[in-house]
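Using my numbering, read the sequence shown as starting at 179 and increasing by one per residue. A quick write-up on the structure given underneath.
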Amino acid sequence: MPHILRKRRTRIACTAISGLLASTLGFFAWQSFYPVQAAAGWDVEVLHPDVTKAAALLPQADGSLLVSRELDDGQGSILKITAQGDRVVVIDNLSKPDGMVAAQGGWVFSQEGGAAPVSLARDGQVTRLFDGESVQGLWNDGDHLYAIEDRKGNGRLMRYDWSSGQLEVLRSGLTETEGLTGCGGRLLYTEKAKGRVRALADDGRDPVVVDGLRNPTFLYCDQRGLWISEDNTHRARLLRIDADGSQHTVLTFLKAPQAITADGNGGYLLAEGGRNRVLHLTPPPEPVTARRD
């Protein structure tokens, strides 16, 4: 009898463990494959599939799109997707290329994979501007190029002067600072682990302008407000913050979203690195106001 009871207990335990394992695997599978959800009025579709580790985005005047593929150890690259859908690698042998911004008649890109230069690509030539360590976010205001490092406790926010070529460190001792953008006359940057966005201030105190986020990464600012993507593996969000500080969730159930940018036609492009693709967002139609005769 004791032997029979032991066998029965073993079967019950195995059944319970199997059920728990199946539930756990099912939960993670649900999170991975559950489709992206858009807020009311917004439409989302896959524009470019099969873009491995899509990160930074930079639309070009000819209708093409530059996409950085954030692979490490020299496997990363910057891909050009033409308006016709053709694809060509324009720069390779990079380590986690993770930031791009238009500048000086070309474009600047950074590499997050350790010590690497921030470089300017123009007319088929790549020119080193300055060296950094795990540089991610970039912002260009015409006179200066700003760059921020994604490090733990020793990150820097830097400013490069286009006319003199001088590099100035504006902040040091930063932790997991990834996103960087100009918005409303202020320079904003993210603190990923702390879940907040700060504004660069002359007194060095850098006030928090948005808090309570979940791993904020890329930033983008336009007439609709401040856009923030949350770099979570599962159930990540794309948020929009109005000028009055009100928060709107535009997309949910994303997987490691990265850069967002305008498409030049009233919509937006979003790199979803966790699913190796670029999404296209269409905003709600503008309300039509009746004209009085």
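For each residue, glycine too, the CB sits at the ideal point set by N, CA and C.
Where residue i falls, given that 16 or more other Cβ within 10 Å makes a residue buried
| i | result |
| --- | --- |
| R306 | exposed |
| N271 | exposed |
| S288 | buried |
| Q262 | exposed |
| V224 | exposed |
| P385 | exposed |
| K472 | This structure cannot speak to residue 472, because the chain is shown only from 179 to 471. |
| P435 | buried |
| S341 | exposed |
| Q314 | buried |
| E346 | exposed |
| V222 | buried |
Simplified DSSP assignment, three categories, for residue i
| i | result |
| --- | --- |
| G302 | coil |
| R334 | strand |
| G360 | strand |
| R453 | helix |
| Q262 | coil |
| Y212 | coil |
| G315 | strand |
| T411 | coil |
| W340 | coil |
| W220 | coil |
| T467 | Interpretation of T467 is limited by its pLDDT of 49, a score under 50 that renders its predicted location unreliable; the figure taken from the coordinates is listed afterwards. Of the three classes helix, strand and coil, the one that applies to T467 here is coil, per DSSP. |
| D389 | coil |
| G254 | strand |
| V229 | coil |
| D420 | coil |
| A440 | strand |
9 Å Cβ cutoff, residue i in contact with chain C
| i | result |
| --- | --- |
| F308 | The question asks about chain C, but that chain is absent: this structure has only one protein chain. |
Nearest-angstrom Cβ-Cβ length linking residue i and residue j, presumed shorter than 8 Å
| i | j | result |
| --- | --- | --- |
| G310 | E327 | 6 Å |
| A325 | D276 | The pair is not a contact, with the Cβ atoms about 11 Å apart (cut-off 8 Å). |
| K274 | L249 | 7 Å |
| Q425 | L417 | 6 Å |
| V266 | I256 | Not really, about 10 Å apart at Cβ, beyond 8 Å. |
| L348 | R337 | 6 Å |
Selected residue, minimal CA-CA separation from residue i, among the options
| i | options | result |
| --- | --- | --- |
| D409 | D321, D228, A379 and L391 | L391 |
| V388 | K372, D381 and G382 | K372 |
| H412 | V375, F431 and R402 | F431 |
| P295 | P435, D339, V286 and Q303 | V286 |
| G320 | R349, Q282, W220 and R247 | Q282 |
| K433 | R383, L457 and G442 | L457 |
| G254 | G284, A239, G292 and V279 | G292 |
| C361 | D221, I419 and G284 | I419 |
| E290 | A217, T230, D221 and D251 | D251 |
| G485 | L459, A437 and L235 | Because the chain in this structure spans residues 179 to 471, residue 485 falls outside the shown range and cannot be described. |
| Q215 | L447, D422 and A414 | A414 |
| A449 | R247, P213, G442 and P462 | R247 |
| G302 | D264, G284, L316 and W317 | G284 |
When the Cβ atoms of the stretch 346-353 are set against those of the stretch 391-404, are three or more pairs found closer than 8 Å? no
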